[in-house]
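Asks: Numbering (the numbering used here), first residue to last: 770 to 1223. Dropping the structure in here first, questions after.
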């Protein structure tokens, strides 16, 4: 199932924006259908609508970066006390920076892979040691430059090209690269000299035609296996022109004179993608997946876990104009708080437009279209005080979408259904546990302010 965007009619939003926001509390009911009869004023408020919430496995998501615009890709392993075991692997192509190298009779000195850390994408404990391995895609397979790859796809690998052990990643520490001027946080991985010699021995046509070159080199896989708990998912910016590349050092002899040279291969312009795996065996979330949720809810990025929310009785609220509707959910820590595993930064609401396609709800699209971010929609955690207790809480606006639910006459529950997921799915490793709709502490609920339509 793919997630895409469809813009809502602007006129509807302008009408809703002009509606007055005045309210008074209403008597709790099972679903709110008899609430209007008991309201004496023209304005009302309800927060007792029935929510049926199911914890679901997320669909696979496209992770390809064929346009070389992704800020980072993820690599590593995470052992989460609530969500189990997550792994992320990077598959990538690379290409010559210069299309006219002088490799005739050249001999390799060394070959090194440089990877630029992307601090914003890291998740987990960076103080735990890491092992990073680079394998080559196996003969008979090739990472296609013209294909979109999804999070559940992988390629077989063959020889190990390089490995570094006992790495303590420092994604925010700038260190010199080749001189004291160029500084950045990066990882250096020596590769097998035999691989470097193979690159030197390629014919000139393969070095000047990208597709022929990619067919020969097949692609690389970068992994970071670890038994640490919780471990970490590292982020690398392969599109960094100055700090992510392969540097080949070589020499050649002419008339008894030996000349040393270096040559670079860039990841920019080559396809690359992430492969994700989630194993929930024995973890708390395993007991919730695929079942109606009452006390706790789970949401996870990297094509992990989402929420399906049904509002089955919204259409019984006849003759109202929705002034504002918000979904409220509060962060829970039933398995202990861990500062290395912070809550999801951004959640979004989507809806089904057919059996396989999900799209942002109009409220999300409106926020993105008007101010180019999610601030009008919400979906980010905010600290608030409730009954003297400081909590992290999410609020997501669904005013236009809820009005459509109220006006719905199809009788199809799909039209009364929303999905909560992490954004961006393909790049965010964050996850969160939330209180469910039947929690006695901070229940998940829908907050609706409305005006009676006479």
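Glycine residues also receive a C-beta, built at the ideal position from the N, C-alpha and C atoms.
#1: How big is the Cα-Cα spacing for residue 1151 and residue 1188?
#2: Measuring straight from C-alpha to C-alpha, what distance separates residue 1012 and residue 1037?
#3: Pick out whichever of 1200, 1217, 1219 has its Cα sitting closest to the Cα of residue 855.
#4: State the beta-bridge partners of residue 1061 as determined by DSSP.
#5: In angstroms with no decimal places, state the Cα-to-Cα distance between residue 828 and residue 1045.
#6: Taking the straight line between their C-alpha atoms, what separation do you get for residue 736 and residue 1047?
#7: Name the DSSP beta bridge partners of residue 1014, please?
#8: Run through the DSSP bridge pairs and tell me what residue 1200 is partnered with.
#9: Taking the beta carbon of residue 1026 as the centre, do at least 16 other beta carbons fall within 10 Å, making it buried, or is it exposed?
#10: According to the Cβ coordinates, are residue 995 and residue 985 closer than 8 Å?
#11: Would you mind sorting residue 981 into buried or exposed? The rule is 16 or more other CB atoms within 10 Å of its CB.
#12: So residue 1229 is in the alpha helix (DSSP H); what residue range does that whole segment cover?
#13: Can you round the beta-carbon distance between residue 811 and residue 1220 to whole angstroms, since I take them to be within the 8 Å contact cut?
#14: In whole angstroms, give me the CA-to-CA distance for residue 821 and residue 1078.
#15: Measure the Cβ-Cβ separation of residue 989 and residue 861 and say whether it is below 8 Å.
#16: Restricting to runs no shorter than 3 residues, where is the beta strand (DSSP E) found entirely within the segment 923-974?
#17: Our contact map puts residue 851 next to residue 1054 with C-beta atoms below 8 Å; I'd like the distance itself, whole angstroms only.
#18: Could you name each continuous beta strand (DSSP E) segment of 3 residues or more that falls completely within the segment 1068-1097, going from the start of the chain to the end?
#19: Scan the segment 1120-1166 and note each continuous beta strand (DSSP E) run of 3 residues or more that stays entirely inside, going in chain order.
Replies: This is what the structure gives:
#1: A direct Cα-to-Cα measurement between residue 1151 and residue 1188 gives close to 21 Å.
#2: 12 Å
#3: 1200
#4: 823
#5: 12 Å
#6: It is not possible to answer for residue 736, since the shown part of the chain is limited to 770 through 1223.
#7: 883, 1035
#8: 1069
#9: By the Cβ-count criterion, residue 1026 is exposed, with fewer than 16 other Cβ atoms from all chains shown falling within 10 Å of its own Cβ.
#10: no
#11: exposed
#12: Since the displayed the chain opens at 770 and closes at 1223, residue 1229 lies outside it and no answer follows.
#13: 6 Å
#14: Rounded to the nearest angstrom, the two C-alpha atoms are 6 Å apart.
#15: One thing to note: residue 989 has its Cβ within 8 Å of the Cβ of residue 861.
#16: 926-936, 955-959
#17: 6 Å
#18: 1074-1079
#19: Secondary structure within the segment 1120-1166: the beta strand (DSSP E) runs of 3 or more consecutive residues, fully enclosed, are 1126-1129, 1151-1155, 1158-1166 (chain order).
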